[in-house]
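Asker: Take 1 as the starting number for the sequence shown in the UniProt record's numbering and just add one per residue.
The structure that follows is given in the form of structure tokens.
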Amino acid sequence: MRAVRDLLGQIKDAAALCEEDRLVRVNQAFRRLFGLHNPSPSLSELLAPVPEEIGRFEARRIHPLEPPLLLEGVLLPWRGKRRLLLLWERSSLEHQEKLDLMTRLAGEIAHELNNPLGGILLYGNLLKEDLPEESPLHQYIDKIIKLATRGRIIAKTILSLAHPEEGPRETLDLNVLLREMYDLVAEYRVLRQVEPVWELSPEPVLCRGIRSQIERVILNLLINAGEAMEGRGKLFLKTGKRDREVYFEIRDTGPGVPPSLRTRIFEPFFTTKKHGKGTGLGLSISYSIVTRHGGRIELEEARPRGAIFRVHLPALEYENEGTGSPHR
Ligand SMILES: Nc1ncnc2c1ncn2[C@@H]1O[C@H](COP(=O)(O)OP(=O)(O)OP(=O)(O)O)[C@@H](O)[C@H]1O
Ligand SMILES: [Mg+2]
């Protein structure tokens, strides 16, 4: 419990640990936001609607004296049935600050989850080895192992948001990376029937970076494009050089991103995909990788329809100037 108290204490925004409708523990900012004195009421007396699913939400504050206030927040998994709730006044926090906070918390939670999941996998595998081959219990153990593995993959993905995998910085040709990553996912369900249109620069498009990280960004964008088109349409893959930068561009013929969501899609856990389909981490991880490389991601509307995600990185020859090297 101490760890939780320390964690809640460090958070500047309103934060609470809850179990269903019950508030288990809240921080100062939370008390202040709701004008709370002991004993604490339940969540449904404070917020409407009460968030139920993990992820981002918006809700109104219910306060005995103050007028209603529009709040934004995020509900994160904790242990068992417990959830960590973070709340802030709509647009009261700078966007970047909010991203940083959520990234840090997500990392800590993923770390907490990773160890017990590792234990479940280990004991699951030991049990499987000792079980007679003909035992009907194998099917249950296989399920346990499969689900724990899935949990671990999710925890690792979240961890990589705060600490992307490291590696040596190499000279990379974006033409080559884009082709390789496309080949890797071309047979993936959402891309199998999509027609690729190549618009690669005839010259190599060189920059310096951590290969696995840049590959990750490309994969995230390719999969998003496929998912947005629901498996049908055209995928334009382009590379080039402009001023002191190189870029690659992934354009789809899906519905595009509505203007109201343009900045939100880069926030961790923001997803419009059905429950269990998307974790909302792809773009936030990509954003953090590209910024660490001294680059930026642009989002543009495609005509007549679709989204263009363009990633700029410092060109190889300018890489050592200014923002060229990854910040740590
Ligand atoms: N090419 C695109 N066209 C339209 N909307 C997009 C596109 N790419 C991303 N989005 C929107 O941005 C949201 C966030 O994308 P992000 O990759 O971060 O998460 P996700 O794809 O929902 O889940 P995850 O990547 O973790 O599986 C998506 O849910 C979708 O609403
Ligand atoms: Mg995604």
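Ideal Cβ placement from N, Cα and C applies to all residues, glycine included.
Given the structure is predicted, the values throughout are model-derived calculations rather than measurements.
Ligand 1 heavy atoms versus the CB of Ile153: any closer than 6 Å?
Answerer: False, no ligand heavy atom lies under 6 Å from that Cβ.
Asker: On the three-state DSSP scale, how would you describe Thr239?
Answerer: Residue state, collapsed to three classes: strand.
Asker: Leaving aside the five residues before and after His138 along the sequence, list all residues of the same chain whose C-beta is less than 8 Å from its C-beta, in chain order.
Answerer: So the list reads Lys128, Leu131, once near-sequence residues are dropped.
Asker: Is any heavy atom in ligand 1 found nearer than 6 Å to the beta carbon of Lys274?
Answerer: Flag unset: Cβ of Lys274 not near ligand 1.
Asker: Quick check: does the Cβ of Gly226 come within less than 6 Å of any heavy atom belonging to ligand 2?
Answerer: No, Cβ of Gly226 sits at least 6 Å from all heavy atoms of ligand 2.
Asker: Taking the beta carbon of Gln213 as the centre, do at least 16 other beta carbons fall within 10 Å, making it buried, or is it exposed?
Answerer: Buried, because 16 or more other Cβ atoms sit within 10 Å of the Cβ of Gln213.
Asker: For ligand 2, any of its heavy atoms closer than 6 Å to the Cβ of Gly282?
Answerer: Because some heavy atom of ligand 2 lies under 6 Å away, the Cβ of Gly282 counts as near it: yes.
Asker: Hey, is Thr271 close to ligand 1, as in C-beta under 6 Å from one of its heavy atoms?
Answerer: Thr271: yes, Cβ under 6 Å from ligand 1.
Asker: Please tell me whether Phe248 and Leu178 are closer than 7 Å, where the distance is taken between their beta carbons.
Answerer: Yes, these two residues count as a Cβ contact at 7 Å.
Asker: Excluding sequence positions up to five away, which residues of its chain have a Cβ less than 8 Å from the Cβ of Leu219?
Answerer: Result list for Leu219: Met181, Leu184, Val185, in chain order.
Asker: Keeping to the same chain, check which residues put their C-beta closer than 6 Å to that of Leu278; ignore five residues upstream and five downstream.
Answerer: Per the sequence shown, residue 278 should be read as Gly rather than Leu. Excluding sequence neighbours, Gly278 sits near Thr271.
Asker: Quick one: give me the first and last residue of the alpha helix (DSSP H) that Ala29 is part of.
Answerer: Segment 28-34, the alpha helix (DSSP H) holding Ala29.
Asker: Report the rounded CA-to-CA distance for Gly233 versus Gly256, giving the unit in angstroms.
Answerer: Rounded to the nearest angstrom, the two C-alpha atoms are 13 Å apart.
Asker: For the beta strand (DSSP E) holding Ile308, just list the boundary residues, first then last.
Answerer: Looking at the DSSP string, the run of the beta strand (DSSP E) that includes Ile308 is 307-314.
Asker: Would you check if there are 3 or more beta carbon pairs closer than 8 Å linking the stretch 26-36 to the stretch 96-115?
Answerer: In short, these stretches do not touch, since the Cβ pair count stays below three.
Asker: Considering Thr171, what are the terminal residues of the beta strand (DSSP E) in which it resides?
Answerer: Here the beta strand (DSSP E) through Thr171 covers 169-173.
Asker: What is the rounded straight-line gap between the Cα of Val217 and the Cα of Pro64?
Answerer: Computed Cα separation, rounded: 47 Å.
Asker: Just how far apart, CA to CA, sit Leu200 and Gly294?
Answerer: So the two alpha carbons sit approximately 22 Å from each other.
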